[in-house]
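Have a look at the structure below, then the notes.
2 protein chains.
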Amino acid sequence: MSGSHPPSERLPFEALVQLLQTIFVRHDVSQEVAQVLAHNCAAAQRDGAHSHGVFRIPGYLSSLASGWVDGRAVPVVEDVAAGFVRVDAGGGFAQPALAAARPLLVAKAREAGIAVLAIRNSHHFAALWPDVEPFAQEGLLALSVVNSMTCVVPHGGQRPLFGTNPIAFAAPCQGLAPIVFDMATSALAHGDVQIAARQGHAVPPGTGVDRDGQPTTDPQAILDGGALLPFGGHKGSALSMMVELLAAALTGGNFSFGFDWSGHPGAKTPWTGQLIIVIDPDKGAGGDFAARSRELVERMQAVGVTRLAGERRYRERARAQVEGVEVGREELAQLVALSLPA
Amino acid sequence: MSGSHPPSERLPFEALVQLLQTIFVRHDVSQEVAQVLAHNCAAAQRDGAHSHGVFRIPGYLSSLASGWVDGRAVPVVEDVAAGFVRVDAGGGFAQPALAAARPLLVAKAREAGIAVLAIRNSHHFAALWPDVEPFAQEGLLALSVVNSMTCVVPHGGQRPLFGTNPIAFAAPCQGLAPIVFDMATSALAHGDVQIAARQGHAVPPGTGVDRDGQPTTDPQAILDGGALLPFGGHKGSALSMMVELLAAALTGGNFSFGFDWSGHPGAKTPWTGQLIIVIDPDKGAGGDFAARSRELVERMQAVGVTRLAGERRYRERARAQVEGVEVGREELAQLVALSLPA
Numbered sequence: 001m002s003g004s005h006p007p008s009e010r011l012p013f014e015a016l017v018q019l020l021q022t023i024f025v026r027h028d029v030s031q032e033v034a035q036v037l038a039h040n041c042a043a044a045q046r047d048g049a050h051s052h053g054v055f056r057i058p059g060y061l062s063s064l065a066s067g068w069v070d071g072r073a074v075p076v077v078e079d080v081a082a083g084f085v086r087v088d089a090g091g092g093f094a095q096p097a098l099a100a101a102r103p104l105l106v107a108k109a110r111e112a113g114i115a116v117l118a119i120r121n122s123h124h125f126a127a128l129w130p131d132v133e134p135f136a137q138e139g140l141l142a143l144s145v146v147n148s149m150t151c152v153v154p155h156g157g158q159r160p161l162f163g164t165n166p167i168a169f170a171a172p173c174q175g176l177a178p179i180v181f182d183m184a185t186s187a188l189a190h191g192d193v194q195i196a197a198r199q200g201h202a203v204p205p206g207t208g209v210d211r212d213g214q215p216t217t218d219p220q221a222i223l224d225g226g227a228l229l230p231f232g233g234h235k236g237s238a239l240s241m242m243v244e245l246l247a248a249a250l251t252g253g254n255f256s257f258g259f260d261w262s263g264h265p266g267a268k269t270p271w272t273g274q275l276i277i278v279i280d281p282d283k284g285a286g287g288d289f290a291a292r293s294r295e296l297v298e299r300m301q302a303v304g305v306t307r308l309a310g311e312r313r314y315r316e317r318a319r320a321q322v323e324g325v326e327v328g329r330e331e332l333a334q335l336v337a338l339s340l341p342a
Numbered sequence: 001m002s003g004s005h006p007p008s009e010r011l012p013f014e015a016l017v018q019l020l021q022t023i024f025v026r027h028d029v030s031q032e033v034a035q036v037l038a039h040n041c042a043a044a045q046r047d048g049a050h051s052h053g054v055f056r057i058p059g060y061l062s063s064l065a066s067g068w069v070d071g072r073a074v075p076v077v078e079d080v081a082a083g084f085v086r087v088d089a090g091g092g093f094a095q096p097a098l099a100a101a102r103p104l105l106v107a108k109a110r111e112a113g114i115a116v117l118a119i120r121n122s123h124h125f126a127a128l129w130p131d132v133e134p135f136a137q138e139g140l141l142a143l144s145v146v147n148s149m150t151c152v153v154p155h156g157g158q159r160p161l162f163g164t165n166p167i168a169f170a171a172p173c174q175g176l177a178p179i180v181f182d183m184a185t186s187a188l189a190h191g192d193v194q195i196a197a198r199q200g201h202a203v204p205p206g207t208g209v210d211r212d213g214q215p216t217t218d219p220q221a222i223l224d225g226g227a228l229l230p231f232g233g234h235k236g237s238a239l240s241m242m243v244e245l246l247a248a249a250l251t252g253g254n255f256s257f258g259f260d261w262s263g264h265p266g267a268k269t270p271w272t273g274q275l276i277i278v279i280d281p282d283k284g285a286g287g288d289f290a291a292r293s294r295e296l297v298e299r300m301q302a303v304g305v306t307r308l309a310g311e312r313r314y315r316e317r318a319r320a321q322v323e324g325v326e327v328g329r330e331e332l333a334q335l336v337a338l339s340l341p342a
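Protein chains in written order, with UniProt numbering: chain A, 1 to 342; chain B, 1 to 342.
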């Protein structure tokens, strides 16, 4: 939450899911899609990942109203090979496409040892960790990449080309919640820049440039014709390029620079692709993978690491289970208004 | 090359391969293994990747003489599932294990759309890009990770735990050499620290810490009981953790902290594991993958990127094809001496 701690309410997770689902359905989204998006968005809010929580609802609705994304799209799953599943998301959201292909993907990963899901013609407007964490809950490893929209200057370049292009990874860990990370390959995630702009905070040096290509710590200057930089210089930039190749070139989705939404004022959701690789660790020769990942975690703690990947989310989740999910009072009032018949 | 440009010779690539092969064979390495290692090391030298070129030969020989690595190991390939191949490298080098499993891995990737090779009980003392580039030469995508030896402090930790844990990726590109990158997840590769120490150069700020955990730009202080830092803060650290999980926990290889070579003075080669994922892009819905990756490259050039991933290596390679592979005069004399009967 922000430093100023505006007044907030807490409500049960399922109530928030229901509220968001009602909002989506009232804004031209099918029941099936609304259910998936509502759960995804409520889970981010529950876990304290506020840049992908209810903060995103106006963006979803703006994009839907613009006719840019199809809230009623029915994904088409294609069984391509022993380890390869494709989905045409039909110009709808990526999460229902993943949900539709998930059983086949998991069956293939368990049978072949590894399987890949290539989603195309899809809009991803959410965090990436909710896509991978459930695989680790089932004892599998998952790696996912998604490209987004031109807003990151490649290392050595002068103008933006790549998206924020996150990479997410999840692995089971014996006796603990899965190890999960989700990192933008940009210095900062786009949602965090928006949050900083809304709250009037500066962003760290090295995050981005203004419209003239000059370094800036003003998030609004980054959003107003400026651009982000990759994290870690040429290495983060190479990873971002890899995400374009895997999430777009391989799947058949658009590159981050490959779509033109100028004819849809209000469009916010990038129309690209997503790749998910799932591995069955029981096929490895490592014995009990979860026991070994626990060993790694314990050794990390022994050298002084106090905060593990995903730990903050699990802590917020546990608190929300007892006390309810925190939503700003003003935000909640807006959500309730959006859920009512027009 | 160093700023001081010591005198050097140029010799044909095949002559360098033959020289290195002879050296390996004279130091208790089988013909089969010697051939693979000699080609790998000569290719790094040819491509200007000097930290993994002939500079490494003394380390190889020291490790072999210590009895730590088996230069005569015969890898055992296991066909586990439609997309999963395992290799027990038998305490030998990783590259001959990859060579032994490669035909099966490629066949599975083309059939299943994706396949993974899990190498364990292996020593990897080379660059990682030579392992992935050949897949892209055949029209496939390849992603590989290998863990190494404790020398990197996890983000938020006080003492080293991870290895330099590189990630390499290769993809075909129409009309151009494959797009290939190979990045340590440490701020600098271990070989580059050794080169800097040998040449008396400082390393960039943020590269590492001394034995007291204090930041230093002295490469010798990093090598003498100090440690490296991950690149890009918590993000590079998370990627390094992922490499430990994939290359060690999944394969059944040792973690970077999981082996004790104190009983083998002179041992230099980390005894860990390696993972390689190979994808057939023809299974995607992107049409001609190589044409799309070419499109990406052209767009990168259009926003001002002048140096592409792998480009410097290809330039050095082309020059070496005409003029021969450059080797320092003194180094070459040492190599010749090592190749002669004792």
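Where a beta carbon is used, it is the ideal one built from N, C-alpha and C, also for glycine.
Compile a chain-ordered list of the residues in the region 231-254 of chain A whose CB is closer than 9 Å to at least one CB of chain B. Phe231, Gly232, Gly233, His234, Lys235, Gly236, Ser237, Ala238, Leu239, Met241, Met242, Glu244, Leu245, Leu246, Ala248, Ala249, Leu250, Thr251, Gly252, Gly253
How long is the line joining the alpha carbons of Thr22 of chain A and Glu111 of chain B, rounded to whole angstroms? 44 Å
In three-state DSSP terms, what is Asn147 of chain A? coil
Contact defined as beta carbons within less than 8 Å: I believe Gly208 of chain A pairs with Gly191 of chain A. What is the distance between those atoms, to the nearest angstrom? Contact flag wrong, Cβ pair sits at about 14 Å.
Can we say the region 260-275 of chain A touches the region 115-133 of chain A, given the rule of at least three CB pairs closer than 8 Å? yes
For Ala285 of chain B, the nearest candidate out of A:Ala333, A:Ala248, A:Pro178 (CA to CA): A:Ala248
What separation, rounded to the nearest whole angstrom, lies between the Cα atoms of Met1 of chain B and Gln199 of chain B? Its pLDDT being 42, under 50, Met1 of chain B is placed unreliably in this model, and the value from its coordinates should be taken loosely. Each residue's Cα considered, the two are about 10 Å apart.
Determine the chain A residues that contact Ser293 of chain B at a beta-carbon separation under 7 Å, and present them in chain order. Leu245, Ala249
Residue range of the unbroken beta strand (DSSP E) whose run includes Phe135 of chain B: Segment 129-137 is the alpha helix (DSSP H) holding Phe135 of chain B; no beta strand (DSSP E) there.
Terminal residues of the continuous alpha helix (DSSP H) containing Asp88 of chain B? Run containing Asp88 of chain B: none in the alpha helix (DSSP H); it sits in the beta strand (DSSP E), 84-93.
Output yes or no for whether 8 Å exceeds the beta carbon distance between Glu298 of chain B and Val54 of chain B. no
Neighbour flag for Ala136 of chain B against chain A, beta carbons, 8 Å: no
Output, in sequence order along the chain, the residues in the region 150-163 of chain A whose CB is closer than 8 Å to any CB in chain B. Val153, Pro154, His155, Gly156, Gly157, Gln158, Arg159, Pro160, Leu161
Inter-stretch contact at 8 Å, needing at least 3 Cβ pairs: the region 54-71 of chain B / the region 18-35 of chain B: yes
Between which two residues does the beta strand (DSSP E) carrying Asn40 of chain B extend? Careful: Asn40 of chain B lies outside any beta strand (DSSP E), inside the alpha helix (DSSP H) at 31-46.
Leaving out the 5 sequence neighbours to the left and right, which residues in its chain are closer than 8 Å to Gln137 of chain A when beta-carbon positions are compared? Pro172, Pro178
Can you give the Cα-Cα distance for Gly304 of chain B and Arg315 of chain B, rounded to whole angstroms? 19 Å
Who are Val180 of chain B's beta bridge partners in DSSP? B:Ala170
Going straight from the alpha carbon of Ser144 of chain B to that of Gly328 of chain A, what length do you get? 44 Å
Segment contact flag, the region 237-246 of chain B with the region 121-135 of chain B, C-beta cutoff 8 Å, min 3 pairs: no
Below 7 Å between beta carbons is the criterion; list the residues of the region 208-224 of chain B that meet it against any residue of chain A, in chain order. none
Who does Val327 of chain A pair with in a DSSP beta bridge? A:Glu9
Check whether the region 178-187 of chain A and the region 223-240 of chain A touch, using three or more Cβ-Cβ pairs below 8 Å as the test. yes
Can you check whether the C-beta of Gly263 of chain B is within less than 8 Å of a C-beta belonging to chain A? no
Which residue spans inside the region 233-283 of chain B form an unbroken alpha helix (DSSP H) run of at least 4? 234-244
Should the region 30-46 of chain B be regarded as contacting the region 92-101 of chain B, the criterion being three or more beta carbon pairs within less than 8 Å? yes
Hey, quick one: how far does the alpha helix (DSSP H) through Arg292 of chain A stretch, first residue to last? 289-302
Could you spell out the range, first to last residue, of the beta strand (DSSP E) harbouring Arg56 of chain A? Note, Arg56 of chain A: premise wrong, no beta strand (DSSP E); not H, not E.
Could you tell me whether any Cβ in chain A is nearer than 8 Å to the Cβ of Gly287 of chain B? yes
Would Phe181 of chain B pass as a contact of Gly310 of chain B if the rule is Cβ separation under 8 Å? yes
Distance between Glu326 of chain A and Leu6 of chain A (C-alpha atoms, nearest Å): Checking the sequence, you will find Pro at residue 6 of chain A rather than Leu. In a straight line, the C-alpha of Pro6 of chain A is about 11 Å away from that of Glu326 of chain A.
Relative to the alpha-carbon of Ala89 of chain A, which residue among A:Gly83, A:Asp70, A:Met241 has its alpha-carbon at the smallest distance? A:Asp70
Pick helix, strand or coil for Val336 of chain A, following the three-state DSSP scheme. helix
Would you mind reading off the limits of the beta strand (DSSP E) that contains residue 358 of chain B? Residue numbering for chain B in the displayed model covers 1 to 342; residue 358 of chain B lies beyond these limits and cannot be assessed.
Val80 of chain B: first and last residue of the uninterrupted alpha helix (DSSP H) it sits in: From DSSP, Val80 of chain B is part of no alpha helix (DSSP H) but of the beta strand (DSSP E) over 76-81.
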